[in-house]
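K.L.:
Using our numbering, the letters of the sequence shown correspond one by one to residues 21 to 139.
Got a structure for you, written out below as structure tokens; questions coming shortly.
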Amino acid sequence: MRRVMSVAIVMILFVGLAYAGDGHELLEKIMKDYHKGKTSLVQKAVKGEASKEEIAKLSEAYHQMAKMKPPVGGQADWDKRVAALIAATDQLAAGTPGAGGALKKAVNCKACHKEHKPD
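What follows is the structure in structure tokens.
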């Protein structure tokens, strides 16, 4: 039953992201839904408090970002940053020690926004 629920949650997330728009609109939705605030899902994940289902949602969002072109800035830098996010969530999903620290390092809002957020 848990597996069915996990798959259903990921499918709902995927469909929701697909209909949220593409490009900039989808990216803004991901940032708002998963990164915004001190109690965000990414902060829960960094602290080791996120459930497997929540980590799966975060991972799916980052995989969606990997398919995007950056709003501004270079594609190579974008790909490198998103790959680090994906790798960190994969480590979290696997229960790798130190994965929260890897995610915290990968989620460098200021550096990414400097390169890729439109004015």
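Idealized CB from N, CA, C, for every residue including glycine.
Taking the alpha-carbon positions, what's the K67 to M51 distance?
P.N.:
Mapped onto the sequence shown, residue 67 falls at position 47. Mapped onto the sequence shown, residue 51 falls at position 31. Near 18 Å, if we compare the C-alpha coordinates of M51 and K67.
K.L.:
Give the secondary structure of V15 by DSSP, where H, G and I count as helix, E and B as strand, and everything else as coil.
P.N.:
In the structure displayed, the chain extends from 21 to 139; residue 15 sits before or after that span and is not available.
K.L.:
Would you call A103 buried or exposed, if buried means 16 or more other Cβ atoms sit within 10 Å of its Cβ?
P.N.:
The sequence position of residue 103 within the sequence shown is 83, counting from 1. Burial call: exposed.
K.L.:
So what does DSSP say about E80, is it helix, strand or coil?
P.N.:
Indexing the sequence shown from 1 puts residue 80 at position 60. Three-state result, E80: helix.
K.L.:
Can you name, in chain order, every residue of its own chain whose Cβ lies under 6 Å from the Cβ of M85, other than the five neighbours on each side?
P.N.:
The residue labelled residue 85 in the question sits at position 65 within the sequence shown. Cβ neighbours of M85 beyond the five flanking positions: V102.
K.L.:
I75: which of A96, T109, E135 sits nearest, CA to CA?
P.N.:
Position 55 of the sequence shown, counted from the start, is the residue given in the question as residue 75. Here the closest residue by C-alpha is T109.
K.L.:
Mark V92 as exposed unless 16 or more other C-beta atoms lie within 10 angstroms of its C-beta, in which case mark it buried.
P.N.:
To locate residue 92, count along the sequence shown from 1; it is residue 72. The residue is exposed, with fewer than 16 neighbouring Cβ atoms inside 10 Å.
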